[in-house]
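A.B. asks: Chains as they are written, first to last, in our numbering: chain S, 684 to 888; chain H, 684 to 888.
Using N, Cα and C, we set each Cβ at its ideal position, and we do this for glycine too.
One structure, pasted below without further comment.
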DNA sequence: GGACACATGTAAACAGTTACATGATTCG
DNA sequence: CGAATCATGTAACTGTTTACATGTGTCC
């Protein structure tokens, strides 16, 4: 439901063609609200019909330059202030984490450390972006910086978490090894009943 | 594409009906991979056709208990280890942040502080979950805890960021007020050029 | 004139949401 | 027997992705 508002938001800054918007989506919004070319062109048509944007000028090669209307600006304001954000959504990295029990602890650790590296790389990219972007004095740059800072902090937290998690798997591994040793010790004293042949239990605890 | 793997992952733990799976989705996976009832039933049909799950038992009221097959387990393993997670996706809260320039600084601050509160509430809920959940010694609980910790750390970072961001808007507001004052002063006494009045500079470090 | 960037669109497939529809069993 | 819970499914709609299709200026 928010591709609409992403387009309105970009047009609120300055008029643009579908082609221009695509570049903006790919550069500034790629990490926040990715969109494809067909989506953008379709959305512009819908927004024009709804009266939230209008074709302000025609250029060469059939270029249509869109501008936000007063209705569009009102809708954007309403969305910003009155509509509750939906909070985090699907997260397939975390979904994997949930199911790491079905692979070996070593594989799980490899996965987690790999995730740590990915987060570190993301962070490095954002830092690079921070250095190279020209931060003029526009309002947009104040909030662009703030959004960037979000990414920096989140990727840092993500990296720390993944390294911590890999350590945690280590501890669980050690705990399990300890249990196994204890059980083998009990087996050594042969007076007990109903042994489990090889420590691999089919069910339960 | 990962609803499939969410279902496989849950069935890898233990066989379940569509109805059972819905409960699991609503309880354990709601923050990670939400799914609706019609999605789950549809997915089970597809997975059965693909041979990744099978109907292991029929119960009363037309209950079909599904179990993961060897092919399903292999697919789940492959996804866990070989397929790169897609990294963060659409984030409508952050999208709003990008466009906060079109509302007043005061409204922007209100929004950011509201976000901080939401993050704090989320964190409190997760802490409650951590205390009330029964953490048995199953593999799943090791990774369930790790996933929960992710949520705790992320919501903490999010809250800190939002409070920092609100402060940042304050500074920008002050900077702007400073500029305005300087400009008015220049208009009053036209002979001097470009002083830095109060330590608030528009650019650089 | 050929390559490249500019520029717009459509169609098919897949993923996800909301609403509706229906029936069986259990428990008080 | 009536309500709650168990249990499965379908239909219509919205959003997203991928692939295709086409044409126009500009620069070397």
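#1: For residue 703 of chain H, which residues from the same chain have a beta carbon less than 6 Å from its beta carbon, with the 5 sequence-adjacent residues on both sides left out?
#2: By Cβ distance, which residues of its chain are closer than 7 Å to residue 886 of chain S, with the 5 residues on each side in sequence left out?
#3: Can you tell me which residues form a DSSP beta bridge with residue 738 of chain S?
#4: Who are residue 699 of chain H's beta bridge partners in DSSP?
#5: Going along the chain, which residues of its own chain have a beta-carbon closer than 8 Å to the beta-carbon of residue 736 of chain S, five neighbours each way excluded?
#6: Under 8 Å by Cβ, that's how I've got residue 716 of chain S and residue 773 of chain H pegged, so tell me the actual separation to the nearest angstrom.
#7: Closer than 8 Å by beta-carbon distance: list the chain H residues that pair up with residue 826 of chain S, in chain order.
#8: Can you check whether the C-beta of residue 734 of chain H is within less than 8 Å of a C-beta belonging to chain S?
#9: To the nearest angstrom, report how far apart residue 723 of chain H and residue 764 of chain H are at their CA atoms.
#10: Can the beta-carbon of residue 781 of chain H be found less than 8 Å from the beta-carbon of residue 830 of chain S?
#11: Under the rule that 16 or more other beta-carbon atoms within 10 Å means buried, what is residue 882 of chain H, buried or exposed?
#12: For residue 828 of chain H, tell me which candidate among S:844, S:864, S:863 has the shortest Cα-Cα distance.
#13: Counting C-beta neighbours from all protein chains within 10 Å, is the total for residue 697 of chain H 16 or more, i.e. buried, or is it exposed?
#14: Taking only beta-carbon positions, decide if residue 777 of chain S is within less than 8 Å of chain H.
#15: My parser needs the alpha helix (DSSP H) runs of 4 or more residues fully inside the stretch 764-835 of chain H; what are they?
#16: Shorter than 8 Å from the beta carbon of residue 699 of chain H to some beta carbon of chain S?
#17: Any Cβ of chain S within less than 8 Å of the Cβ of residue 771 of chain H?
#18: When the Cβ atoms of the stretch 799-818 of chain H are set against those of the stretch 797-816 of chain S, are three or more pairs found closer than 8 Å?
#19: Measure from the C-beta of residue 705 of chain H to each C-beta in chain S and report whether the shortest distance is under 8 Å.
#20: Once you ignore the five residues that flank residue 733 of chain S on each side, which residues in its own chain have a CB closer than 6 Å to its CB?
#21: Answer yes or no: do residue 778 of chain S and residue 688 of chain S have a C-beta to C-beta separation smaller than 8 Å?
#22: When you compare each of S:708, S:700, S:707 to residue 739 of chain S by their alpha carbons, which one comes out closest?
#23: One question on the structure: do residue 835 of chain S and residue 863 of chain S come within less than 8 Å of each other, judged by their Cβ atoms?
#24: For residue 694 of chain H, does the three-state DSSP call read helix, strand or coil?
#25: Going by DSSP in three states, residue 840 of chain S sits in which element: helix, strand or coil?
#26: Use the C-beta contact count for residue 720 of chain S: other C-beta atoms within 10 angstroms, 16 or more gives buried, fewer gives exposed.
#27: Compute the Euclidean distance between the alpha carbons of residue 786 of chain H and residue 766 of chain S, then round it to the nearest angstrom.
#28: Does residue 710 of chain S pass the burial test, meaning 16 or more other C-beta atoms within 10 Å, or should it be called exposed?
#29: Which first and last residues belong to the alpha helix (DSSP H) in which residue 727 of chain S is found?
#30: Count the other CB atoms, across all protein chains shown, that sit within 10 Å of the CB of residue 776 of chain H; report buried if there are 16 or more and exposed otherwise.
#31: List the residues of chain H whose Cβ lies closer than 9 Å to the Cβ of residue 794 of chain S, in chain order.
#32: Does the Cβ-Cβ distance between residue 826 of chain S and residue 784 of chain H come in under 8 Å?
#33: Might you give, ordered along the chain, the residues of its own chain that have their beta carbon closer than 6 Å to the beta carbon of residue 838 of chain H, omitting 5 neighbours on each side?
#34: If you draw a straight line from the C-alpha of residue 888 of chain H to the C-alpha of residue 849 of chain H, how long is it?
C.D. replies: Straight from the coordinates:
#1: Residue numbering aside, residue 703 of chain H sits at position 20 when the second chain is read from its first letter. So no residue of the chain qualifies.
#2: What you label residue 886 of chain S is simply residue 203 of the first chain in a count that begins at 1. Here the model assigns residue 886 of chain S a pLDDT of 45, short of 50, so the residue's position is not dependable, and the following value carries that caveat. Within the same chain, residue 886 of chain S has no close Cβ partners at all.
#3: One-based indexing of the first chain puts residue 738 of chain S at position 55. According to DSSP, residue 738 of chain S bridges with S:749.
#4: Numbered from its first residue, the second chain carries residue 699 of chain H at position 16. The partner list for residue 699 of chain H (beta bridge, DSSP) reads H:749.
#5: In the first chain, the residue the question calls residue 736 of chain S occupies position 53. Cβ within range, chain order: 690, 691, 694, 727, 730, 749, 750, 751, 752, 755.
#6: Along the first chain, read from residue 1 onward, the residue named residue 716 of chain S stands at position 33. Along the second chain, read from residue 1 onward, the residue named residue 773 of chain H stands at position 90. Residue 716 of chain S to residue 773 of chain H, Cβ: 5 Å. Contact.
#7: The residue given as residue 826 of chain S occupies position 143 in the first chain. What residue 826 of chain S touches in chain H: 780, 781, 782, 783, 784, 791.
#8: If you number the second chain from 1, residue 734 of chain H lands on position 51. No, residue 734 of chain H lies away from the interface with chain S (no Cβ there is under 8 Å from its Cβ).
#9: As a working mapping, residue 723 of chain H is identified with position 40 in the second chain. As a working mapping, residue 764 of chain H is identified with position 81 in the second chain. Taking the straight line joining both Cα atoms gives about 24 Å.
#10: The residue you call residue 781 of chain H lines up with position 98 of the second chain. The residue you call residue 830 of chain S lines up with position 147 of the first chain. Contact flag set, yes.
#11: As a first step, residue 882 of chain H is located in the second chain; it is residue number 199 there, counting from the start. Note that residue 882 of chain H scores a pLDDT of 46, beneath 50, so its modelled location is shaky and nothing firm can be said.
#12: Within the second chain, residue 828 of chain H is the residue found at index 145, counting from 1. When each option's Cα is compared against that of residue 828 of chain H, the closest is S:844.
#13: As a first step, residue 697 of chain H is located in the second chain; it is residue number 14 there, counting from the start. Exposed, because fewer than 16 other Cβ atoms sit within 10 Å of the Cβ of residue 697 of chain H.
#14: Position 94 of the first chain, counting from 1, holds the residue named residue 777 of chain S. So yes, residue 777 of chain S belongs to the interface.
#15: 775-781, 788-815
#16: Translated into the one-based positions of the second chain, residue 699 of chain H becomes position 16. No, residue 699 of chain H does not count as interfacial toward chain S.
#17: The residue given as residue 771 of chain H occupies position 88 in the second chain. By this cut-off, residue 771 of chain H is an interface position.
#18: no
#19: Looking up residue 705 of chain H in the second chain gives position 22. It does not: the Cβ of residue 705 of chain H has no partner Cβ on chain S nearer than 8 Å.
#20: Position 50 of the first chain, counting from 1, holds the residue named residue 733 of chain S. No residues qualify anywhere along the chain.
#21: Position 95 of the first chain, counted from the first residue, corresponds to residue 778 of chain S. Position 5 of the first chain, counted from the first residue, corresponds to residue 688 of chain S. It is not a contact, given that the beta carbons lie outside the stated cut-off.
#22: Position 56 of the first chain, counted from the start, is the residue given in the question as residue 739 of chain S. Cα-wise, what sits closest to residue 739 of chain S is S:700.
#23: In the first chain, the residue the question calls residue 835 of chain S occupies position 152. In the first chain, the residue the question calls residue 863 of chain S occupies position 180. Result no, Cβ atoms of residue 835 of chain S and residue 863 of chain S do not sit closer than 8 Å.
#24: On the second chain, residue 694 of chain H is found 11 positions in, with the first residue counted as 1. Looking at residue 694 of chain H - three-state DSSP - the assignment turns out to be helix.
#25: Along the first chain, read from residue 1 onward, the residue named residue 840 of chain S stands at position 157. The answer is helix: DSSP assigns residue 840 of chain S an H, G or I state.
#26: Position 37 of the first chain, counted from the start, is the residue given in the question as residue 720 of chain S. Label assigned to residue 720 of chain S: exposed.
#27: By 1-based counting over the second chain, the position of residue 786 of chain H is 103. By 1-based counting over the first chain, the position of residue 766 of chain S is 83. The alpha-carbon atoms of residue 786 of chain H and residue 766 of chain S are separated by roughly 14 Å.
#28: Counted from its first residue, the first chain places residue 710 of chain S at position 27. It is exposed - the Cβ of residue 710 of chain S has fewer than 16 other Cβ atoms within 10 Å.
#29: As a position in the first chain, residue 727 of chain S is number 44, starting the count at 1. Unbroken alpha helix (DSSP H) run through residue 727 of chain S: 720-732.
#30: As a first step, residue 776 of chain H must be located in the second chain, where it is residue number 93. Result: buried.
#31: Position 111 of the first chain holds residue 794 of chain S. Ordered by position in chain H, the residues that pass the 9 Å Cβ test against residue 794 of chain S are 763, 764.
#32: Within the first chain, the letter at position 143 stands for residue 826 of chain S. Within the second chain, the letter at position 101 stands for residue 784 of chain H. For residue 826 of chain S and residue 784 of chain H, yes; Cβs fall inside 8 Å.
#33: For the purposes of this step, residue 838 of chain H is taken as the residue at position 155 of the second chain. Taken in chain order, the residues that qualify are 802, 805, 806.
#34: Counting from 1 along the second chain, the entry for residue 888 of chain H is found at position 205. Counting from 1 along the second chain, the entry for residue 849 of chain H is found at position 166. Bear in mind that a pLDDT of 42 at residue 888 of chain H, under 50, signals an unreliable position, so the number given afterwards is only what the model happens to contain. If you take the alpha carbons of residue 888 of chain H and residue 849 of chain H, they lie about 20 Å apart.
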